[in-house]
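Enquirer:
Residue numbers (full-length UniProt numbering): 1 to 175.
1. If you draw a straight line from the alpha carbon of residue 6 to that of residue 69, how long is it in whole angstroms?
2. Quick check: residue 11 and residue 94, are their CB atoms within less than 8 Å of each other?
3. Taking all protein chains shown into account, do 16 or more other C-beta atoms lie within 10 angstroms of the C-beta of residue 4, making it buried, or fewer, making it exposed?
4. Using DSSP with H/G/I as helix, E/B as strand and the rest coil, what is residue 6?
5. What are the boundary residues of the beta strand (DSSP E) that residue 55 is part of?
6. Quick one: residues in its chain with C-beta nearer than 8 Å to the C-beta of residue 24, no 5 flanking neighbours on either side, listed in chain order?
7. With a CB to CB cut of under 8 Å and the five nearest residues on each side skipped, what residues in its chain are close to residue 117?
8. How many Å lie between residue 53 and residue 44 at the Cα?
9. Given this structure, state the Cα-to-Cα distance separating residue 22 from residue 119, to the nearest angstrom.
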């Protein structure tokens, strides 16, 4: 499962620059305590639904009227140990510390209105070997299929070439 952290563009750029997603403090911005707040709602749910989920009624408050969810960071749940679902009526997850982007195997990021063009940032050197294997198996994708198909074609062509050479040699021996 993936978990998302939505934010505005200014904060998003700061997160990417510092490679750190700072935890919210307990209080108005952290009603479930200190930590980084996430949701499993995808960008396809739309900004309004995400805002209603994340702010749980506070989205009507003028203080939060301009809260914008232009950008997101997307994490594999297994890359965030100890993340917990903290809300039953809303889809809210809490990771109790800062998230240091260079200390997890990788993450996706993009713009909420254009999620089909999300990008992936890998920090594989900091991943455990098991996480690296999982990333590699997840990352085979189309390029792996194309490379595999090319290998099959090359083997087939080589076999055909050997067969043709064998047939030609046999014909020469019969003459």
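Beta carbons: idealized from backbone N, C-alpha and C, even for Gly.
Expert: Result, derived from the coordinates:
1. In the chain shown, counting from the first residue as 1, residue 6 sits at position 6. In the chain shown, counting from the first residue as 1, residue 69 sits at position 69. Computed Cα separation, rounded: 5 Å.
2. Within the chain shown, residue 11 is the residue found at index 11, counting from 1. Within the chain shown, residue 94 is the residue found at index 94, counting from 1. Not a contact, by the Cβ cut-off of 8 Å.
3. If you number the chain shown from 1, residue 4 lands on position 4. The residue is buried, with at least 16 neighbouring Cβ atoms inside 10 Å.
4. Working through the chain shown from its first residue, we reach residue 6 at position 6. Strand at residue 6.
5. The count along the chain shown starts at 1 and reaches residue 55 at position 55. No beta strand (DSSP E) contains residue 55, which is instead part of the alpha helix (DSSP H) from 47-55.
6. Translated into the one-based positions of the chain shown, residue 24 becomes position 24. If we look at residue 24 and ignore the five residues flanking it on each side, its Cβ neighbours are 30, 34, 35, 36, 37.
7. Within the chain shown, numbered from 1, the residue matching residue 117 stands at position 117. Only 110, 111 meet the Cβ criterion.
8. Position 53 of the chain shown holds residue 53. Position 44 of the chain shown holds residue 44. When rounded, the distance between both Cα atoms is 14 Å.
9. The residue you call residue 22 lines up with position 22 of the chain shown. The residue you call residue 119 lines up with position 119 of the chain shown. So the two alpha carbons sit approximately 21 Å from each other.
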